[in-house]
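For the sequence shown, our numbering gives the first residue as 1, with consecutive numbering after it.
Yeah, the Cβ is synthetic: ideal placement off N, Cα and C, and Gly gets one too.
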Amino acid sequence: QVQLAESGGGLVQPGGSQRLSCASSGIIFSGYDMGWHRQAPGKERELVARITRGGKTNYADSVKGRFTISRDNAKALVYLQMNSLKPDDTAVYYCNTFIRDTYNALHWGQGTQVTVSS
1 QVQLAESGGG
11 LVQPGGSQRL
21 SCASSGIIFS
31 GYDMGWHRQA
41 PGKERELVAR
51 ITRGGKTNYA
61 DSVKGRFTIS
71 RDNAKALVYL
81 QMNSLKPDDT
91 AVYYCNTFIR
101 DTYNALHWGQ
111 GTQVTVSS
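Quick look at the structure:
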């Protein structure tokens with residue numbers, strides 16, 4: 001059974017930093033492109049960052065230069081380092097796998113809430 005489990009969410013002040021982690025099981029982690037999406041209240045879920053099997057990354061324009069996605073294949077973990085957080089970054093953040101060589105999500109985690117507020 002495939003499981004993705006996010007952690008690291010919480011309340012952070014504007015300008016602060018937070019690191020999210022996603023632990024996977026039931027998959028050959030190194031064989032998947034991985035990503036982070038987010039969904040704010042009343043908005044559609046959007047792709048925030050993606051990292052390929054080979055480590056190539058891409059980001060939504062709204063987070064470029066502030067967020068960094070990385071992966072540890074030995075530990076089957078993917079991370080999202082978020083710096084210079086803004087209130088607009090408030091959302092539920094979801095870890096996902098992608099269907100190979102596409103931007104179509106295959107497996108989802110349960111999500112972790114990030115709230116940016118003073």
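message: Checking 8 Å against the spacing of the C-beta atoms, do TYR94 and HIS37 come in under that value?
response: Residue numbering aside, residue 94 sits at position 94 when the sequence shown is read from its first letter. Residue numbering aside, residue 37 sits at position 37 when the sequence shown is read from its first letter. Taking 8 Å as the Cβ cut-off, TYR94 and HIS37 qualify as a contacting pair.
field: Whole-angstrom distance between SER62 and SER24, CA atom to CA atom
entry: The count along the sequence shown starts at 1 and reaches residue 24 at position 24. The count along the sequence shown starts at 1 and reaches residue 62 at position 62. When rounded, the distance between both Cα atoms is 27 Å.
field: Beta-carbon proximity list for TRP108, same chain, < 7 Å, skipping 5 on both sides
entry: By one-based count along the sequence shown, residue 108 stands at place 108. Around TRP108: LEU4, TYR94, ASN96.
- prompt: Residues in its own chain within less than 6 Å of TYR32 by CB, not counting five upstream and five downstream?
  reply: What you label residue 32 is simply residue 32 of the sequence shown in a count that begins at 1. The answer, listed in chain order, is THR97.
message: Given a cut-off of 8 Å on the beta-carbon distance, is the pair GLY8 and SER17 in contact?
response: Taking the sequence shown and counting its residues from 1, the one referred to as residue 8 is at position 8. Taking the sequence shown and counting its residues from 1, the one referred to as residue 17 is at position 17. No, these two residues do not count as a Cβ contact at 8 Å.
message: Suppose the cutoff is 8 Å on Cβ atoms and the five residues either side in sequence are ignored; what does the same chain contact list for ARG19 look like?
response: By one-based count along the sequence shown, residue 19 stands at place 19. The answer, listed in chain order, is GLY8, TYR79, LEU80, GLN81, MET82.
field: Where GLU6 falls, given that 16 or more other Cβ within 10 Å makes a residue buried
entry: Working through the sequence shown from its first residue, we reach residue 6 at position 6. Its Cβ being crowded by 16 or more others within 10 Å, GLU6 is buried.
- prompt: Considering only the beta carbon of each residue, do VAL48 and VAL116 sit closer than 8 Å?
  reply: The residue given as residue 48 occupies position 48 in the sequence shown. The residue given as residue 116 occupies position 116 in the sequence shown. No, Cβ-Cβ distance for VAL48 and VAL116 is not below 8 Å.
message: I need the DSSP call for ASP61, collapsed to helix, strand or coil.
response: Residue 61 sits at position 61 when you count from the first residue of the sequence shown. In this structure, ASP61 counts as coil in the three-state DSSP scheme.
query: Shortest alpha-carbon distance to THR90 belongs to which of LEU77, SER70, GLY42?
result: Position 90 of the sequence shown holds residue 90. With distances taken between Cα atoms, THR90 lies closest to GLY42.
message: Mapping the DSSP letters down to three states, classify SER30 as helix, strand or coil.
response: The residue labelled residue 30 in the question sits at position 30 within the sequence shown. If DSSP states are grouped into helix, strand and coil, SER30 belongs with the helices.
field: Contact belief for ALA35 with ARG50 at Cβ below 8 Å, rounded distance in angstroms
entry: Along the sequence shown, one-based indexing puts residue 35 at 35. Along the sequence shown, one-based indexing puts residue 50 at 50. One point to set straight first is that residue 35 is Gly, not Ala, in the sequence displayed. Their Cβ separation, rounded to whole angstroms, is 4 Å, which keeps GLY35 and ARG50 in contact under 8 Å.
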